Structure formats: C-alpha cells, structure tokens
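**Q** Residues 1 to 283 in UniProt numbering are what the sequence shown spells out, letter by letter.
Take a look at this one; I'll ask things after.
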Amino acid sequence: MGYAFVENMEHFAPHIFQALEGEGLYRSHSHESDELTLILEGEGSYTTQSHSILVARGDLILIPTNLFHGFVCLKAWKGISVHFLKEQVPSYCQYLINHAFQQNPDHILVSRLNGWQLDKAELALKQLEEEWSRKQHGELSYDLMRNALESLLLSYHANASESMKASRIEQGSDNQIIQDALKVIHGAYQTTLKISDLAVHYFLSESIFRKKFTDIVGVSPKQYIIRLRLNEAKRLLQYTRKPIEWISSEVGFTSSSRFHELFVKHFGKTPLEWRKQEESGST
1 MGYAFVENME HFAPHIFQAL EGEGLYRSHS HESDELTLIL EGEGSYTTQS
51 HSILVARGDL ILIPTNLFHG FVCLKAWKGI SVHFLKEQVP SYCQYLINHA
101 FQQNPDHILV SRLNGWQLDK AELALKQLEE EWSRKQHGEL SYDLMRNALE
151 SLLLSYHANA SESMKASRIE QGSDNQIIQD ALKVIHGAYQ TTLKISDLAV
201 HYFLSESIFR KKFTDIVGVS PKQYIIRLRL NEAKRLLQYT RKPIEWISSE
251 VGFTSSSRFH ELFVKHFGKT PLEWRKQEES GST
C-alpha cells in the first residue's frame, strides 16, 4: 500500500543546475503537498510573488501547499527535501505545521540550525527516508517516521528566526490562550487530559474556557480531543499492523467499547471494517 504521509523525498546537488555557480536558474512551481527542506551546504534564494529570502547551510525551510515559488542556487548547494501530505501526518505534527503557518500562511518560512541541531535534523531526515523507501515496511516503520518528522518540526519551532515571530498574537489574549491550549492538547491528547485542568492553568472557570475554545475553534474541547484521537487511530489502522485494542489504548481511549462506538459514529464503519477497506483499496 501507499505508505504513510510522505509523498516524495529527494536530494539536490549542484549538478542539477545547467549553469555555472552564481548563475543558477529559477525553477518556479507549486505542489499539492507541504515541503520541508534542509540546506546542508552552499547558498541560494527562494522567491514568491510577495517576498524573497536568502538561505544557506543550516536553514530548515517550510513551504506550504500550492504556494507558487521559485529557487536559485547562488553557491553550490546540497540538501534534502521531503514532500508530505499535511492531512495525513500524525496529529501533533499537524499542529506544529499549522502553528508555523498561523501568522504567515502564504510565506516560505525559515529556521536556522547550527552545530548538533543541524546534525540531528540531518539524521532525522535520513531516518525518515530510510523507513519511507523500504520495500517491506516493518511494524515500527510508521512510528519511526512519525518520530523523525516530529523531531524536524520541533527543531524548526525551537530555532525559528525572530523575524518569523514578529507578528505573534499578543500574550494573554483569548486567541493566545486557545493556541497555547491547542499545543497542550496536541501533545497530550492520548493521555487522561482533563478540560478542567486546562481551564485552571489559564485561571479560567471550566465553563468560560469551554466557551472561549468553542468560539475560536468551532467545536468544544472534548469534541476536538475525540477527533484527534480518532484521526490518529485511522492512521495507525492504515499504516501499521498494531492490534485494534492496542491502538484504542495508544490514542487515549480507556474503554475499547467506547472507541468502537465513536469510530462507527464518525466514520460509519467499525475499526476492523475500515482497516480491511483500506487494505483492499491499496492492493
């Protein structure tokens, strides 16, 4: 079957460009996937209709879906790119991607890595590529790919340049409170996370927190957490051979019967029926 959330991975090097160093050609295009690129050597430039950026060794670049852009090699460069389908990546990775583009949804974003951080990011990309390119995927392939992408996205956020953070939402605003809460939820949705604990953290009553969350996100906190758990369960059902009862527990359900009930309610099939459908559709 088509495997997990990675659509394509590629290495680029100077020989790709039919020009001398400093005379690289812009290659304008867009793609129906998000892109993450790590520059390992050299220098270059990316441009869109609204902005241009210079990139060099250590830059970790995020490019959103369907953004028309071009790039040029200014000094012989090497790097690794991964194209992935945001709707199919694990839930916490989805949050990290959406959070990165929250203030600049139509921009190319850059974070500068140095030293061991750059080495760690390169190793994560190589691990992602190794698992993605396997002819036979192992039981842990999906988890290893998830961990590698999560590590890359966390490295991006930890080292994002201040210029990319300039338009941050004012601290203490309702939007900031809910964005912070979403980060907590995406990182801990598989635990026994309580809405009351989230509310207390922001010095709010549970009812007020629920209202603010629902007004901004569009669904209640409980509904949001359930949706995250079920979407992650779908990915695990499709891309791993883990037992259904084990998946139910991994995504945060303490009752397997409750998991089955909610799965059928949201997707119209039992988890086993959904897995068999996906298997038959990919053969």
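No residue lacks a Cβ here, since even glycine has one placed at the ideal position from N, Cα and C.
Nothing here was measured: the structure is a model prediction, and the numbers come from that model.
1. Could you tell me the alpha carbon to alpha carbon distance between residue 307 and asparagine 104, rounded to whole angstroms?
2. Measuring CB atoms only, is the segment 193-201 touching the segment 93-103, in the sense that at least three cross pairs come out at less than 8 angstroms?
3. Between aspartate 180 and the rest of its own chain, which residues show a CB-CB distance below 8 angstroms, the 5 nearest in sequence each way excluded?
4. Evaluate glutamate 273 with the Cβ neighbour count: other Cβ atoms within 10 Å of its Cβ, from every protein chain shown; 16 or more gives buried, anything less gives exposed.
5. Take glutamine 117 as the anchor and find which of Ser28, Ser155 and Gly252 has the nearest alpha-carbon.
6. Beta-carbon within less than 7 angstroms of residue 298's beta-carbon, same chain only, minus the 5 sequence neighbours each way: which residues are those?
7. How big is the Cα-Cα spacing for isoleucine 247 and aspartate 34?
8. Leaving aside the five residues before and after serine 220 along the sequence, list all residues of the same chain whose C-beta is less than 8 angstroms from its C-beta, in chain order.
9. Please specify which runs of the alpha helix (DSSP H), each continuous and at least 4 residues long, are wholly inside the segment 124-200, giving them in chain order.
10. Quick one: what's got a C-beta closer than 7 angstroms to histidine 266's C-beta in the same chain, skipping five residues either side?
11. Quick check on this structure: which residue in Leu60, Phe68 and Val55 has the alpha carbon closest to the alpha carbon of threonine 48?
12. From the DSSP secondary-structure annotation, give me the bridge partner or partners of phenylalanine 84.
13. I'd like to know if lysine 276 contacts chain B, where contact means its C-beta is closer than 8 angstroms to some C-beta of that chain.
14. Give me the residue from Glu10, Thr270 and Ala121 with the minimum Cα distance to tryptophan 132.
15. Could you tell me if glycine 22 is buried or exposed, where buried requires 16 or more neighbouring beta carbons within 10 angstroms of its beta carbon?
16. Going by C-alpha distance, which of Ser111, Ile178 and Ser173 is nearest alanine 56?
17. For phenylalanine 71, which beta-bridge partners are listed by DSSP?
18. Beta-carbon within less than 7 angstroms of glutamate 245's beta-carbon, same chain only, minus the 5 sequence neighbours each way: which residues are those?
19. I believe proline 64 touches phenylalanine 101 by the beta-carbon criterion, under 8 angstroms. Please report the beta-carbon distance rounded to the nearest angstrom.
20. On the CB-based measure, 16 or more other CB atoms within 10 Å of its CB, does glycine 268 come out buried or exposed?
21. In whole angstroms, give me the CA-to-CA distance for asparagine 175 and isoleucine 225.
22. Grab me the residues of lysine 78's own chain with a C-beta within less than 6 angstroms of its C-beta, minus the 5 sequence neighbours each way, in chain order.
23. Rounding to the nearest angstrom, what Cα-Cα distance links glycine 187 and serine 207 in this structure?
24. Among all the DSSP beta bridges, which residues are the ones paired with aspartate 59?
**A** In terms of the structure at hand:
1. Any question about residue 307 goes unanswered here, given that the chain covers just 1 to 283.
2. no
3. The count along the sequence shown starts at 1 and reaches residue 180 at position 180. The residues are Tyr202.
4. Taking the sequence shown and counting its residues from 1, one reaches residue 273 at position 273. Classification for glutamate 273: exposed.
5. Residue numbering aside, residue 117 sits at position 117 when the sequence shown is read from its first letter. Glutamine 117 has its Cα closest to that of Ser155, out of Ser28, Ser155 and Gly252.
6. With the chain covering only 1 through 283, there is no way to say anything about residue 298.
7. Within the sequence shown, residue 247 is the residue found at index 247, counting from 1. Within the sequence shown, residue 34 is the residue found at index 34, counting from 1. Approximately 27 angstroms between the Cα atoms of the pair.
8. Counting from one through the sequence shown, the residue named residue 220 turns up at place 220. Closer than 8 angstroms at Cβ, skipping near neighbours: Arg210, Phe213 and Thr214.
9. 141-159 and 174-188
10. Here residue 266 refers to the residue found at position 266 when the sequence shown is read from its first residue. So the list reads Leu230, once near-sequence residues are dropped.
11. Looking up residue 48 in the sequence shown gives position 48. Residue Phe68 is the option with its Cα nearest to threonine 48.
12. Position 84 of the sequence shown, counted from the start, is the residue given in the question as residue 84. Answer is Val6 and Asp34.
13. You won't find chain B in this structure, because it holds only one protein chain.
14. Counting from 1 along the sequence shown, the entry for residue 132 is found at position 132. Of Glu10, Thr270 and Ala121, the residue nearest in Cα terms is Glu10.
15. Residue 22 sits at position 22 when you count from the first residue of the sequence shown. Only weak support exists for where glycine 22 lies, its pLDDT of 39 falling under 50; the coordinates are left without a value.
16. Looking up residue 56 in the sequence shown gives position 56. Closest by alpha carbon: Ser111.
17. On the sequence shown, position 71 is the one that residue 71 refers to. Looking at the DSSP assignment, phenylalanine 71 forms a beta bridge with Tyr46.
18. Translated into positions along the sequence shown, residue 245 becomes position 245. Once the five neighbours on either side are set aside, the close Cβ partners of glutamate 245 are Ser256.
19. As a first step, residue 64 is located in the sequence shown; it is residue number 64 there, counting from the start. As a first step, residue 101 is located in the sequence shown; it is residue number 101 there, counting from the start. About 6 angstroms; that satisfies the 8 angstroms criterion.
20. Reading the sequence shown from its first residue, position 268 is the one you call residue 268. Burial call: exposed.
21. One-based indexing of the sequence shown puts residue 175 at position 175. One-based indexing of the sequence shown puts residue 225 at position 225. Those two C-alpha atoms are separated by around 18 angstroms.
22. Translated into positions along the sequence shown, residue 78 becomes position 78. Result list for lysine 78: Ala13, Leu40 and Glu41, in chain order.
23. As a position in the sequence shown, residue 187 is number 187, starting the count at 1. As a position in the sequence shown, residue 207 is number 207, starting the count at 1. One C-alpha to the other measures close to 23 angstroms.
24. The sequence position of residue 59 within the sequence shown is 59, counting from 1. Bridge partners of aspartate 59: Arg112.
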